[in-house]
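Heads up: the structure comes next, in structure tokens.
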Amino acid sequence: MTPRFLEACQSLQSAEKATWDLLLRELPDAETLSPEVLNCAMDQTLDQLWSLLRDGPAEAGLQQATSAPPPLPAGGECLLTTHLPYFNAGERALELVAGEVLETEPPKTRRAHWRDCDELCAAFNVLVQCQLEALCRRCGRAAECRYGDLRAVAKLPSRHPFAMSPEAGDGHAAQPARSRKRRAHRAEEFETRN
4 MTPRFLEACQ SLQSAEKATW DLLLRELPDA ETLSPEVLNC AMDQTLDQLW
54 SLLRDGPAEA GLQQATSAPP PLPAGGECLL TTHLPYFNAG ERALELVAGE
104 VLETEPPKTR RAHWRDCDEL CAAFNVLVQC QLEALCRRCG RAAECRYGDL
154 RAVAKLPSRH PFAMSPEAGD GHAAQPARSR KRRAHRAEEF ETRN
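Numbering (the numbering used here), first residue to last: 4 to 197.
This is how it looks when you write it as structure tokens:
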């Protein structure tokens with residue numbers, strides 16, 4: 004990722020958080036966290052993402068970045084119920100703000116920054132997978148989990164590739180299959196390359 008693109012995305016963190024919050028509030032079935040908790044969780048997730056993009060996904064860096072996942076919901080419900088909408092909305096917010104960054108670029112350099120957008124989404128994908136696995140390890144319902152082992156989380160329709168479905172009532176169209184495949188391939192490439 005080019006440093007200029009990363010800095011531009013970081014400088015728009017408040018816009019990313021506002022968009023993220025708005026997308027979360029639009030979901031009828033999403034658990035609502037208090038604004039203070041949500042603000043803290045978003046800051047933490049975005050800080051971890053910037054760190055991952057700056058420092059690379061070395062194993063120690065990933066473990067350090069995912070040492071404190073977002074807060075757990077109250078009660079005995081599955082942790083994925085709350086966190087899948089949280090991360091889905093987060094990726095959508097990143098895509099929207101990254102699109103705004105691209106719009107400010109001259110047409111000649113815009114194509115090069117599409118790779119930066121793909122890398123941003125791939126890094127978010129890696130971070131989210133690690134955080135969801137950490138959540139599953141902390142869950143008290145692991146023995147009766149309907150999803151199976153921790154790696155099964157990556158195969159959930161609502162998890163991979165983060166596209167919000169129109170059936171969920173969020174008003175956003177799903178990504179085209181070609182885009183989903185390309186993004187999934189980029190995520191694998193990002194993990195193996197670094």
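C-beta atoms are modelled at their ideal positions from N, C-alpha and C, and glycine is treated no differently.
- Following the DSSP letters along the chain, one finds Leu30 in no alpha helix (DSSP H), marked with neither H nor E.
- Close CB contacts of Arg57 within its chain, under the 8 Å cut and outside five residues either way in sequence, are with Leu9 (chain order).
- For Ala126, same chain residues with a beta-carbon under 7 Å away, outside a window of 5 residues either side, are Leu52, Leu55, Leu56, Phe193 in chain order.
- Rounded to the nearest angstrom, the Cβ distance from Thr22 to Val100 is 6 Å, consistent with a contact under 8 Å.
- One thing to note: Leu30 has its Cβ within 8 Å of the Cβ of Pro88.
- Where Met45 is concerned, the enclosing alpha helix (DSSP H) starts and stops at 38-58.
- With distances taken between CA atoms, Thr48 lies nearest to Ala96 out of Pro109, Ala115, Ala96.
- Annotation: the continuous alpha helix (DSSP H) that includes Glu106 extends over 83-107.
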